[in-house]
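Let me begin by presenting the structure, written as C-alpha cells, before commenting on it.
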Amino acid sequence: MDQWSQTHTGNFNNWHPVVHTLFIMFLRHIWDSPAIVGVTQIIIMSLIFGYCMFQFEKVGAKKSVLWIISLLFAISPVNGIYSITLWKDVFYSTFILLFSTVVLSLVVTNGDWLNCNRNMFIFLIASLGVVFFRHNGFPVFIAMAIVLLIVFRHRFKRFAFLSSLVVVIHYIVTGPIFDYLKVVPSDPNEALSIPTQQLANVIVNDGKITDEQAKYLNEILPLPLWKQYYRPYTTDNIKFSHEYNRKAIFPDHISTYLRTWMDICLQNPRLVTEAFIKQTSLVWQINPPTTNYHTLTYMTIIFHNPFGIKSRIIFDPLTIAVKKYLTISDTTLKPLIWRPATYTLLILLFTFVAFLRNDWKAWLVPLTVLLNTGTVLIALPAQDFRYLYSNSLVFFIAFLFAFISYKKKEMST
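Quick note: the sequence shown uses the numbering used here, first residue 299, plus one each step.
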C-alpha cells in the first residue's frame, strides 16, 4: 500500500526500490487496479520459467520430465499465492531465477552462449531485474559479474561490456534520475538489524557493558525499553518504536555506534553469537523454533488501506478450497514448503551431484541465489519467507541440473 500510494502522489521513497514502484505506476496507466500487477507477475513468471524449461530441453532433458516439473511449479502453494502478492520480492526472485538460467546456459556452453546478440540482451534484462528490484541485488550482481569475468575470460570483452553497461545504467538511475524525481533515500537503519539484536540480547541478559557504552545505548533507546521490546527473531519492535532515536546513530554518530557494537561483541561473544543464530533462523534452520517465534509466510489481507481497495471473491467454493490448501502447506507441510533452509539444502545437494557428474563450474549455477542468501544472512530484519523466495524457484533448476551431463566426451575419464 505504501508503494501504491507513491504511484498516486509521485513522492518516491527508496525504502521500496523506486524502479519497482515506477513499474507499478506504469501498469496503473494500463488498468488502475492492483490486479494488473498480479496478472503481470503471472505472465512474467510463466515466461521466465518456460524459458528455463526450454533451456533444459536444449541440453538434453526429457520433455516428459520438464512437463512434470512445470506442473509441480504451477501447483506449488508458494508460487500460487506469491504470483498474486504485491511484494517487490516476487519480481526480484523471478529475475534471480532468470539470471540463474542464464548462468546455466553459460556453464553448459563454456561461455559460448553469449556469442549471440539475442542472448546478450537476455543477460542484460536478467541483470537489470536483479539490480533494480531489491537493494541487495546490486552487490549480488557485482559479485557474479566478477566471477563470470574470471571464469569465462575468453569472452572477456562481452562480459566486460555488459557488466559495465549494467553498472552505468544503475548509477544513471540512482543518480540523476533519482535526483530529478526527488527520491527520499531509504532508512539506513534497515542495515543494522543484526547489530540491534546483538546489543539487545546483551542488555536483556545483563552482559558486560561499560558505563560509557550503557550511556550511549540509553540515548538510542532507554535501557529498560531494550529489554521490553526485544524479540529474538525480529527487530521490528525496537526499530519501529516511537522512543527509538535514530539521530543518536545517523548521520553523525555511526562511527560511535559501530565502535560500541564491536566492543560489546568482543566483551560478550556468547551472547552476540546467540542473538545472531536466532535472528538468522530463517536462513539456516529447517524446523522453525517453537518458542517466541513468528514467521510471515504469506498474506491474504490488506493492511492500511486508505484507497478502499477490496478483494472480491468470484467463486466461493474455489476460494475455500485454496485457503485449505494454503493452510495445510503452512502447518503440516511447513518445514518442507515454507522453510527456505530446506530449499537451500536441496540446492546444495543437487548441485553437488551435478559437480560429480561434470566439473567444478557446476557450482556457478546456484551461486547467484547463494550470494543472495548470504546478503540476507548479514542483514535479516524479520522471519519473512519472501526474503528467500528465490531459493524455492532456483530449487527447480538445481534438481534438473543434477541429471544433466555437459562435459565434452573427450574431457571425461
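Just so you know, even glycine gets a beta-carbon here, dropped at the ideal spot from N, CA and C.
- Three-state class that DSSP yields for Asn-309 in the structure shown: coil
- Item | Lys-707 - DSSP class collapsed to helix/strand/coil | For Lys-707, the predicted model reports a pLDDT of 41, less than 50, meaning its position is unreliable and no value from the coordinates is stated.
- Element boundaries [alpha helix (DSSP H), containing Asn-499]: 491-502
- Where Trp-658 falls, given that 16 or more other Cβ within 10 Å makes a residue buried: exposed
- Leaving out five residues on either side along the sequence, give the residues of the same chain with a beta carbon under 7 Å from the beta carbon of Asn-603. Met-299
- Query: Per DSSP, what kind of secondary structure is Val-357 in: helix, strand or coil?
  - Reply: coil
- Message: Residues in the same chain with beta-carbon distance under 6 Å from Phe-421, minus the five sequence neighbours each way, listed in chain order, please.
- Response: Val-400 and Leu-460
- Message: Just to confirm before moving on: does the CB-CB distance between Pro-586 and Arg-432 stay below 9 Å?
- Response: no
- Let me know the secondary structure DSSP gives Val-663 once reduced to three states. coil
- Item | Beta-carbon separation (whole angstroms), Val-712 vs Leu-686, contact threshold 8 Å | Because the chain is modelled from 299 through 711, residue 712 falls outside the range shown and cannot be assessed.
- Task: Determine the DSSP secondary structure at Val-388, reduced to helix, strand or coil.
- Result: helix
- Item | Leu-678 (DSSP reduced to helix, strand or coil) | coil
- Query: On the three-state DSSP scale, how would you describe Val-428?
  - Reply: helix
- Query: Where does Arg-482 fall in DSSP's three states?
  - Reply: As written in the sequence, residue 482 is Val, which differs from the Arg given in the question. It is a strand residue.
- Item | Exposure of Asn-413, with buried meaning 16 or more beta-carbon neighbours within 10 Å | exposed
- Per DSSP, the bridge partner or partners of Arg-529: Thr-532
- Task: Would you kindly work out how many angstroms separate the C-alpha atoms of Thr-559 and Ser-539, rounded to a whole number?
- Result: Reading off the sequence, residue 559 comes out as Trp, not Thr. Their backbone Cα atoms lie some 20 Å apart in a straight line.
- Message: Between which two residues does the alpha helix (DSSP H) holding Ala-573 run?
- Response: 567-577
- Message: To the nearest angstrom, how far is the alpha carbon of Tyr-478 from that of Val-471?
- Response: 10 Å
- Is Lys-622 buried or exposed, if buried means 16 or more other CB atoms sit within 10 Å of its CB? exposed
- For Leu-460, name the three-state secondary structure that DSSP assigns. helix
- Task: Please classify Gly-427: is it buried, with 16 or more other beta-carbons within 10 angstroms of its beta-carbon, or exposed?
- Result: buried
- Task: Alpha carbon to alpha carbon, how far is Leu-446 from Phe-601? Give it in angstroms, no decimals.
- Result: 42 Å
- Query: Residues in its own chain within less than 6 Å of Ile-373 by CB, not counting five upstream and five downstream?
  - Reply: none
- Task: Note down the Cα distance separating Ile-501 from Pro-520, rounded to an integer number of angstroms.
- Result: 11 Å
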